[in-house]
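Position one of the sequence shown corresponds to residue 277 (the working numbering), numbered consecutively onward. No residue lacks a Cβ here, since even glycine has one placed at the ideal position from N, Cα and C.
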Amino acid sequence: MKMPLRKPSSTMAATAKEVTPTISPSSDLVSRYAPEESRKGADIIVEALEREGVKHVFAYPGEASVEIHQALTRSNVIRNVLPRHEQGGVFAAEGYARSSGLPGVCIATSGPGATNLVSGLADAMIDSIPLVAITGQVPRRMIGTDAFQETLIVEVTRSITKHNYLVLDIDDIPRIVSEAFFLATSGRPGPVLIDVPKDIQEQLAVPNWNQPFRLSG
């Protein structure tokens with residue numbers, strides 16, 4: 277018997293409490309960068325995944341997510357399994373989560389690439405499967421202008437994810453990725469989506485890996 281979709285909480289901010297996550301690298305993780313060395317947002321995303329213990333992702337490339345794919349080629353920890361299309365990728369990530377007990381991770385580009393994840397996200401929500409989906413997005417200055425392959429995927433997936441994020445500040449990436457995995461695996465597990473504009477992926481920054489975050493429950 278399938279369980280009904282859970283409505284997203286509208287009181288998260290009101291009931292939030294500060295949590296200090298443990299996101300220090302595992303003993304066998306060696307960063308490719310010096311502690312104060314600048315790196316692209318895409319590389320920060322990949323290292324954040326490494327710090328969460330991710331070993332496999334299911335990612336189909338596209339113009340708005342190509343920086344993340346380039347960053348994946350620089351990782352010695354994460355293996356990218358290339359699906360035939362984005363829907364295959366999200367269902368593969370869901371199957372990985374079901375069989376391993378670990379959160380599945382899938383990556384897609386903006387527009388039609390992101391909307392191809394919808395069926396898998398809805399299935400993961402109904403069946404309580406921990407999933408983190410990362411999508412590329414058009415640059416911040418072009419959001420809301422009907423740009424090429426622009427879809428407001430955070431609005432499309434609001435009712436079929438536990439939570440979703442639109443990254444507007446590169447410094448928020450470590451906290452958002454940590455929160456996403458916490459939310460996907462805690463309580464009733466489910467999917468969380470992170471939408472990352474292309475200019476954020478290309479921007480340079482020094483990440484702060486020890487950011488507290490505020491969550492309900």
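In terms of residues, what are the limits of the beta strand (DSSP E) holding residue i?
{"i": "R355", "result": "355 to 357"}
{"i": "Q413", "result": "407 to 413"}
{"i": "D448", "result": "Note, D448: premise wrong, no beta strand (DSSP E); not H, not E."}
{"i": "H439", "result": "439 to 442"}
Looking at residue i and the ligand COA, is the gap between the Cβ and the nearest heavy atom below 6 Å?
{"i": "V453", "result": "This structure lacks the ligand COA; in fact it carries no ligand of any kind."}
Would you list the residues sitting across from residue i in a DSSP beta bridge?
{"i": "R315", "result": "A481"}
{"i": "V333", "result": "N356"}
{"i": "L469", "result": "A409, N440"}
{"i": "G380", "result": "L407"}
What did DSSP end up calling residue i once you bin it into helix, strand or coil?
{"i": "F457", "result": "helix"}
{"i": "D475", "result": "helix"}
{"i": "F424", "result": "coil"}
{"i": "L393", "result": "coil"}
{"i": "L506", "result": "This structure cannot speak to residue 506, because the chain is shown only from 277 to 493."}
{"i": "G387", "result": "coil"}
{"i": "H345", "result": "helix"}
{"i": "E402", "result": "Just to set this straight, residue 402 is Ile in the shown sequence, not Glu. Reduced to three states, the DSSP call for I402 is helix."}
{"i": "E328", "result": "coil"}
{"i": "I320", "result": "helix"}
{"i": "S462", "result": "coil"}
{"i": "S351", "result": "coil"}
What does a CB cutoff of less than 7 Å around residue i pick up in its chain, not counting 5 residues either side in sequence?
{"i": "S395", "result": "Q363"}
{"i": "A340", "result": "T385, S386, G412, Q413, V414, Q425, K474"}
Below 6 Å CB to CB, which residues in the same chain sit around residue i once its five sequence neighbours on both sides are set aside?
{"i": "F367", "result": "G396"}
{"i": "E328", "result": "F457"}
{"i": "A347", "result": "A318, D319, V322"}
{"i": "V353", "result": "E326"}
{"i": "N356", "result": "V333, A335, L348"}
Would you mind reading off the limits of the alpha helix (DSSP H) that contains residue i?
{"i": "R374", "result": "362 to 376"}
{"i": "E431", "result": "429 to 432"}
Short of 8 Å in beta carbon distance, which residues of its chain neighbour residue i, apart from the five on each side in sequence? Order them along the chain.
{"i": "I344", "result": "A318, I321, V322, A335, I383, I410, G412, V472, Q477"}
{"i": "D447", "result": "A481, P483, N484"}
{"i": "T391", "result": "T427, I429, V432"}
{"i": "E313", "result": "V482"}
message = Measuring CB atoms only, is the stretch 370 to 378 touching the stretch 442 to 454, in the sense that at least three cross pairs come out at less than 8 Å?
response = Two segments are said to touch when three or more pairs of C-beta atoms, one from each, lie closer than 8 Å; by this definition the stretch 370 to 378 does not touch the stretch 442 to 454.
request  = Would you be able to state if there are at least three C-beta pairs under 8 Å between the stretch 468 to 488 and the stretch 407 to 421?
outcome  = Yes: the two stretches touch, three or more of their Cβ pairs being nearer than 8 Å.
Touch test, the stretch 455 to 473 against the stretch 395 to 412, Cβ-Cβ under 8 Å, three pairs minimum = A contact exists between the stretch 455 to 473 and the stretch 395 to 412.
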